[in-house]
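Visitor:
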Amino acid sequence: MRIKNSLLNYSTGIAIQLITLILSFVSRTIFINTLGVSYLGVNGLMINVMSMLSIAELGIGTAITFSLYKPLATKDTYKISLLMNFYKKAYTIIGIAIFLAGMILLIFIDIIVKDPGDIGDLWFIMFLYVIQTSFPYFINYKVTLLKADQKEYQLGVINLFFTILTSVSQILVLIITHNFILYLISNIIILFIQTVYINFIVTRMYPILNVRVTEKLPIDELKKINKNIKAMVLHKIGSFSIHSTDNILISAFISVKVVGFYSNYTMIINAINSFITLFFNSIAASMGNLIATESNHRKLEVFKVTNFIAFWIYSFASISFLNLLNPTIELWLGKEYLLSIEIILLVLINFYLTGMRMSIETVKSAAGLYDVDKFSPLIQSAVNLVFSIILVQEVGLIGVFIGTIISSLVLPTWQKPYLVYKYVFKTSSILYFKSYLKYLVILTIIGNLTFWLLESYFADFTIENYIIRLVVCAIIPNALIMLFFYRTEEFRGLIGILQSIFMKGGSKNNGDKS
Numbered sequence: 119m120r121i122k123n124s125l126l127n128y129s130t131g132i133a134i135q136l137i138t139l140i141l142s143f144v145s146r147t148i149f150i151n152t153l154g155v156s157y158l159g160v161n162g163l164m165i166n167v168m169s170m171l172s173i174a175e176l177g178i179g180t181a182i183t184f185s186l187y188k189p190l191a192t193k194d195t196y197k198i199s200l201l202m203n204f205y206k207k208a209y210t211i212i213g214i215a216i217f218l219a220g221m222i223l224l225i226f227i228d229i230i231v232k233d234p235g236d237i238g239d240l241w242f243i244m245f246l247y248v249i250q251t252s253f254p255y256f257i258n259y260k261v262t263l264l265k266a267d268q269k270e271y272q273l274g275v276i277n278l279f280f281t282i283l284t285s286v287s288q289i290l291v292l293i294i295t296h297n298f299i300l301y302l303i304s305n306i307i308i309l310f311i312q313t314v315y316i317n318f319i320v321t322r323m324y325p326i327l328n329v330r331v332t333e334k335l336p337i338d339e340l341k342k343i344n345k346n347i348k349a350m351v352l353h354k355i356g357s358f359s360i361h362s363t364d365n366i367l368i369s370a371f372i373s374v375k376v377v378g379f380y381s382n383y384t385m386i387i388n389a390i391n392s393f394i395t396l397f398f399n400s401i402a403a404s405m406g407n408l409i410a411t412e413s414n415h416r417k418l419e420v421f422k423v424t425n426f427i428a429f430w431i432y433s434f435a436s437i438s439f440l441n442l443l444n445p446t447i448e449l450w451l452g453k454e455y456l457l458s459i460e461i462i463l464l465v466l467i468n469f470y471l472t473g474m475r476m477s478i479e480t481v482k483s484a485a486g487l488y489d490v491d492k493f494s495p496l497i498q499s500a501v502n503l504v505f506s507i508i509l510v511q512e513v514g515l516i517g518v519f520i521g522t523i524i525s526s527l528v529l530p531t532w533q534k535p536y537l538v539y540k541y542v543f544k545t546s547s548i549l550y551f552k553s554y555l556k557y558l559v560i561l562t563i564i565g566n567l568t569f570w571l572l573e574s575y576f577a578d579f580t581i582e583n584y585i586i587r588l589v590v591c592a593i594i595p596n597a598l599i600m601l602f603f604y605r606t607e608e609f610r611g612l613i614g615i616l617q618s619i620f621m622k623g624g625s626k627n628n629g630d631k632s
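The sequence shown begins at 119 in our numbering and counts up one residue at a time.
Laid out in structure tokens, this is it:
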């Protein structure tokens, strides 16, 4: 059943993300042609600023999701009602906090945006982003129950419809009005309708949500949740400082136009990465169930396979991005929108380092392991900000990304695996780090070989060379990874999972212990 639910969540998400990716390219192209790169930079900047405001969520959603795994498995409806009632009250407070924080932040808009060009009404633009970010918290808390129950795929068609509707409305507003504010207002209207409708659907799926509960969570349960929340808020702050401050620093120290150039690259990287993270998100609840019911040996077996999958996917993606990003941007928008290969390489180093922590993060989150390293993200974020701010003033844009890489190597690359092996698998992490180094060496060999081949023989920008690059990136990295690993236990485990899904009908033959 775990494999079946994970596959349903993933395949539904893939369909939505694929259509979203196509529509995003169309919408982004029209956006640049109608509004220009400065507005594109403001859009990317505001998204990062709103990520900062969303820190107010405090990780409550993650903590509640973890707390729901057991009562859902045991069908403890009373406990589920208590948790969801607590969640509702908490999210109402969070929505208010985000709105008020956004209003305060409006005062500093001139500091946040350097060289806005001819963009006016910045305060009103930011106000609309604050509205768009805050209001879903008042009505969208119920979706967490669906996620914890591994049934998020049941909203797939609804999300797909609203994704298409949003993109079409964006395109029409841009073509007809060339007005960024109307573009934002149309987004808010559709998001409101989508949120209300999904809330209605989830309530109908889970009648228990209509039950009024006057009792409060037991003190011991509340303490456990609060402990996780206190740890998660530090993780949230750290995560934002590490992953969502680049655009803010670029805007503050360089210009909002450069944010626009960079955002084209991040749109492509994030679009592809969304397919990858869908896989890990889709197995998160299954991993929670696995951790709650299986032996340490079985947990470690499954983790090794998911970690190998992470290596394969992120190695292939990193090599492909290195060789295809600039040709794609040139083909799509033109030479004037290109960034240097050195900047792209640094962005991709961080992409790989973050990606290789994905399987560790999945286990860590599913096990509710938030408290043991709660201060680490703050240390990492401090290192990131200090180095990025110093280096951006010394070497420019490249310094922002060097700072991020340094902060990643200081703690999370080694600490998170150590903690997961110690507290979840209850064994030494030495073998993990040996595998990590082996993966890194093999990635370096394959990456250099592929880059040398393409730059030596297919460097000139032509459509024919672009197609050849696509084919080479699709074949060589994957073929060499298979050659290096086809005899390993992890590779056999991956083949076993694929066989159970596609040849044996998934859960039909594997049961609940698949």
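Cβ coordinates follow ideal geometry from the N, Cα and C atoms, glycine included.
What is the DSSP secondary structure of Thr332, reduced to helix, strand or coil?
Guide: coil
Visitor: Taking Leu110 as the reference, which of His361, Val589, Glu512, Ser499 has the closest Cα?
Guide: The structure shown does not extend to residue 110, since the chain is modelled only from 119 to 632, so the question has no answer here.
Visitor: Roughly how many angstroms separate the alpha carbons of Gly623 and Gln617, rounded to a whole number?
Guide: Low confidence applies here, because Gly623 scores a pLDDT of 47, under 50, leaving its location unreliable; read the following figure in that light. Each residue's Cα considered, the two are about 9 Å apart.
Visitor: Quick check on DSSP: helix, strand or coil for Leu572?
Guide: helix
Visitor: Round the Cβ separation of Phe358 and Ser169 to the nearest angstrom and send it over; I've been treating them as touching at under 8 Å.
Guide: 6 Å
Visitor: Would you tell me roughly how many angstroms separate the C-alpha atoms of Ser381 and Val160, rounded to the nearest one?
Guide: 10 Å
Visitor: Whose C-alpha, out of Glu448, Phe398, Pro445, is nearest the C-alpha of Thr424?
Guide: Of the listed residues, the one whose Cα sits closest to Thr424 is Phe398.
Visitor: Taking Ile394 as the reference, which of Ala428, Ile366, Val376 has the closest Cα?
Guide: Ala428
Visitor: Give the range of the alpha helix (DSSP H) segment to which Val538 is assigned.
Guide: Under the DSSP assignment, Val538 falls in the alpha helix (DSSP H) whose first and last residues are 530–538.
Visitor: Under three-state DSSP, which class holds Tyr438?
Guide: Per the sequence shown, residue 438 should be read as Ser rather than Tyr. Helix at Ser438.
Visitor: Can you round the beta-carbon distance between Ile462 and Leu440 to whole angstroms, since I take them to be within the 8 Å contact cut?
Guide: Taking a contact as a CB-CB distance under 8 Å, the pair Ile462 and Leu440 counts as one, their CB atoms being some 7 Å apart.
Visitor: Rounded to whole angstroms, what is the Cα-Cα separation between Lys422 and Ile594?
Guide: 24 Å
Visitor: Are Tyr247 and Val329 close, meaning C-beta to C-beta below 9 Å?
Guide: no
Visitor: Which residues in the same chain as Phe426 place their Cβ atom closer than 6 Å to its Cβ, once the five residues preceding and following it in sequence are excluded?
Guide: Excluding sequence neighbours, Phe426 sits near Glu608.
Visitor: Considering just the uninterrupted stretch of the alpha helix (DSSP H) at Ile289, what are its terminal residues?
Guide: 274–295
Visitor: Pick helix, strand or coil for Asp228, following the three-state DSSP scheme.
Guide: Assignment of Asp228 by DSSP, reduced to helix, strand and coil, places it in the helix class.
Visitor: Taking all protein chains shown into account, do 16 or more other C-beta atoms lie within 10 angstroms of the C-beta of Gly473, making it buried, or fewer, making it exposed?
Guide: buried
Visitor: Under the rule that 16 or more other beta-carbon atoms within 10 Å means buried, what is Tyr196, buried or exposed?
Guide: Tyr196 sits exposed, since fewer than 16 C-beta atoms from the chains shown fall within 10 Å of its C-beta.
Visitor: Ala577 by DSSP, collapsed to three states: which one?
Guide: coil
Visitor: To the nearest angstrom, how far is the alpha carbon of Leu153 from that of Val510?
Guide: Whole-angstrom Cα-Cα distance: 28 Å.
Visitor: Got a sec? Which residues, its chain only, sit under 7 Å from Phe579 by beta carbon, not counting five neighbours each side?
Guide: Pro445, Glu448
Visitor: With a 10 Å radius around its C-beta and 16 neighbouring C-beta atoms as the bar for buried, classify Val559 as buried or exposed.
Guide: exposed
Visitor: Mind the definition here: the segment 485–501 touches the segment 520–540 only if three or more C-beta pairs lie below 8 Å; say whether that holds.
Guide: yes
Visitor: Identify whether Phe493 lies in helix, strand or coil by the three-state DSSP scheme.
Guide: coil
Visitor: Using a Cβ-based criterion (distance less than 8 Å to any ligand heavy atom), does Gly486 qualify as near the ligand HEM?
Guide: The ligand content of the structure shown is nil, which means the ligand HEM is not present either.
Visitor: In its own chain, which residues sit with a C-beta less than 8 Å from the C-beta of Lys544, not counting the 5 before and 5 after it?
Guide: Asn414
Visitor: Please look up how many angstroms separate the CB atoms of Gly162 and Val351, rounded, as I've assumed it's under 8 Å.
Guide: Not quite, the Cβ-Cβ distance comes to about 25 Å (not below 8 Å), so this is no contact.
Visitor: For Ser458, tell me which candidate among Gly514, Leu408, Phe469 has the shortest Cα-Cα distance.
Guide: Gly514
Visitor: Ile257 to Thr332, Cα distance in whole Å?
Guide: 20 Å
Visitor: Which residues bound the alpha helix (DSSP H) around Leu300?
Guide: 298–323
Visitor: If you draw a straight line from the alpha carbon of Asn391 to that of Ile308, how long is it in whole angstroms?
Guide: 25 Å
Visitor: Could you tell me whether the segment 284–300 touches the segment 202–211, where touching means 3 or more Cβ pairs closer than 8 Å?
Guide: no
Visitor: For the alpha helix (DSSP H) holding Leu471, just list the boundary residues, first then last.
Guide: 459–473
Visitor: Nearest by alpha-carbon distance to Ala266: which of Met323, Tyr536, Tyr301, Ile182 is it?
Guide: Ile182
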